[in-house]
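Residues 7 to 306 in this note's numbering are what the sequence shown lists, from first letter to last.
Accompanying notes for the structure given below.
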Amino acid sequence: MKDGLIHLEDYLHFLRIERQLASNTLVSYKKDLLDYLKHIFEMQQLHTLDEVERQHIVLHLRTLKNEGKTPRTISRHISSIRSFHKFLIRERVTNQDPTIHLELPQLDQKLPHFLSVEELTILLNGIDLSKAQGVRDLAMFELMYASGMRISECLNLDLEDLHLTMGFVRCFGKGGKERIIPLGGAAINACTNYIEEARAKLVKPTEKTDALFINQRGKRLTRQGIWKLLKAHAMNAGIQKEITPHVLRHSFATHLIENGADLRAVQEMLGHSDISTTQIYTHVSKTRLKEVYKKFHPRA
């Protein structure tokens with residue numbers, strides 16, 4: 007087990023430094039692989055990672071299933087284990103890959119939640135702009151909806167990443183990949199107002215920061231902070247749907263596809279490495295068309 011933990015730390019270091027994965031992703035990998043190592047070394051009594059064969063991994067996955075883990079969770083475990091073993095081979099710790107013939111469980115494709123244009127308008131128009139925090143929140147949500155950025159990408163933005171006169175924002179996605187995303191007039195205006203009028207009221211003399219979005223203490227906003235702010239504004243606007251920062255990202259993509267945007271262009275703006283991930287929004291669009299048809303066609 008001790009030997010396995012050493013290789014796990016090497017692997018996590020590789021993910022952090024070379025792959026530049028986010029801290030939340032690293033936490034998930036570590037948790038999945040600790041469960042895996044504990045099972046093969048303590049429950050199955052293996053002595054080295056080179057002894058692992060397909061049946062040992064299958065037994066571990068069967069245990070997860072018996073514990074009530076969902077197919078999506080098991081699929082994530084398989085991805086973690088598969089990636090770990092590829093690393094072990096690359097580092098010549100092991101000589102074989104026991105994950106080659108592992109099959110991912112069948113997943114039900116969940117369509118993403120999104121807000122309608124009307125709901126988004128109600129949400130954004132309902133923000134109180136009499137305080138600096140309100141001006142900041144409007145700029146932040148307009149920017150997220152205008153660009154489709156992930157919450158982590160938005161949090162990591164610095165002032166220099168926003169190019170309002172040229173109408174684009176630069177962000178760094180998974181693996182540190184840079185994206186340049188165009189912005190519309192509403193987001194540009196909201197961000198301009200925030201930077202010129204409100205941000206200075208939130209900055210503290212003792213807290214020098216280049217962060218674009220800061221809290222009342224003058225520090226970079228946190229993930230939990232944005233979640234709470236968005237939920238509070240949604241509640242004030244009377245929106246009953248469950249709303250998260252990722253819903254703004256889904257809304258961005260869905261509205262673009264519904265209005266005829268090129269799928270490749272949407273993939274580029276979202277930062278998806280595989281277009282199959284982006285294609286789910288075409289399913290959302292078709293589902294929405296069916297709903298409209300059923301609702302308005304007299305003989306539907």
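The C-beta atom is built at its ideal place from N, Cα and C for all residues, glycine as well.
Between residue i and residue j, is the Cβ-Cβ spacing less than 7 Å?
i: Tyr17; j: Phe90; result: yes
i: Ala196; j: Glu148; result: yes
i: Ala243; j: Val141; result: no
i: Leu39; j: Leu14; result: yes
i: Leu227; j: Leu163; result: no
i: Leu117; j: Val253; result: no
i: Gly173; j: Leu189; result: yes
i: Gly182; j: Arg255; result: no
i: Ile133; j: Asp143; result: yes
i: Val175; j: Pro104; result: no
i: Gly321; j: Lys210; result: Within the shown structure, residues of the chain are numbered from 7 to 306, placing residue 321 beyond reach of any answer.
i: Ala240; j: Tyr200; result: no
i: Leu170; j: Ile194; result: yes
Would you call residue i buried or exposed, if buried means 16 or more other Cβ atoms sit within 10 Å of its Cβ?
i: Leu110; result: exposed
i: Gln61; result: exposed
i: Val123; result: exposed
i: Ser86; result: buried
i: Ile63; result: buried
i: Ala238; result: exposed
i: Pro251; result: buried
i: Ile106; result: exposed
i: Leu65; result: exposed
i: Met275; result: buried
i: Ile281; result: exposed
i: Gly266; result: exposed
i: Gln271; result: Per the sequence shown, the amino acid found at residue 271 is Ala instead of Gln. Under this definition Ala271 is an exposed residue.
i: Gln51; result: exposed
i: Thr260; result: buried
i: Ala152; result: buried
i: Gln273; result: buried
Over what stretch of residues does the beta strand (DSSP E) that includes residue i continue unbroken?
i: Arg185; result: 184 to 188
i: Gln175; result: In the sequence as displayed, the identity of residue 175 is Val instead of Gln. Taken as a continuous stretch (DSSP letters only), the beta strand (DSSP E) holding Val175 covers 174 to 178.
From which residue to which residue does the alpha helix (DSSP H) around residue i run?
i: Phe219; result: Element bounds for Phe219: n/a, residue is neither H nor E.
i: Arg142; result: 138 to 153
i: Glu57; result: It is not in any alpha helix (DSSP H) - Glu57 carries neither H nor E in the DSSP assignment.
i: Thr171; result: Unbroken run through Thr171: none, as it is neither H nor E.
i: Glu15; result: 8 to 23
i: Leu161; result: 157 to 161
i: Gly191; result: 191 to 199
i: Ala206; result: 205 to 208
By alpha-carbon positions, which one of the options ends up nearest to residue i?
i: Lys44; options: Leu70, Ala259, Leu163; result: Leu70
i: Glu166; options: Met155, Arg96, Asp216; result: Asp216
i: Thr288; options: Phe258, Thr127, Lys137, Leu135; result: Phe258
i: Glu264; options: Met7, Gln246, Gln285; result: Gln285
i: Met150; options: Lys225, Leu65, Leu236; result: Leu236
i: Lys92; options: Asp9, Leu21, Met241, Met146; result: Leu21
i: Glu184; options: Val99, Gly277, Glu73; result: Gly277
i: Gln139; options: Asn30, Glu202, Gln222; result: Gln222
i: Glu48; options: Asn101, Arg98, Leu11, Lys292; result: Leu11
i: Leu130; options: Arg98, Glu24, Arg229, Ala192; result: Ala192
i: Arg82; options: Glu202, Arg98, Lys36, Ile95; result: Lys36
i: Ser136; options: Ile245, Gln26, Lys207; result: Lys207
Spell out whether any CB of chain C is found under 7 Å from the CB atom of residue i.
i: Ile95; result: No chain C is present in this structure, which holds just one protein chain.
Query raised in the report: Taking only runs of the alpha helix (DSSP H) that begin and end inside the region 61 to 126, which ones reach a length of at least 4 residues, in chain order?
Result: 77 to 96
Report task. Report the residue ranges of all alpha helix (DSSP H) runs contained in full by the region 212 to 273; include only those spanning at least 4 residues, in chain order. Result -> 229 to 242, 251 to 264
Query raised in the report: Which ranges would you report for the alpha helix (DSSP H) in the region 276 to 302 if only whole runs of at least 4 residues count?
Result: 281 to 284, 286 to 302
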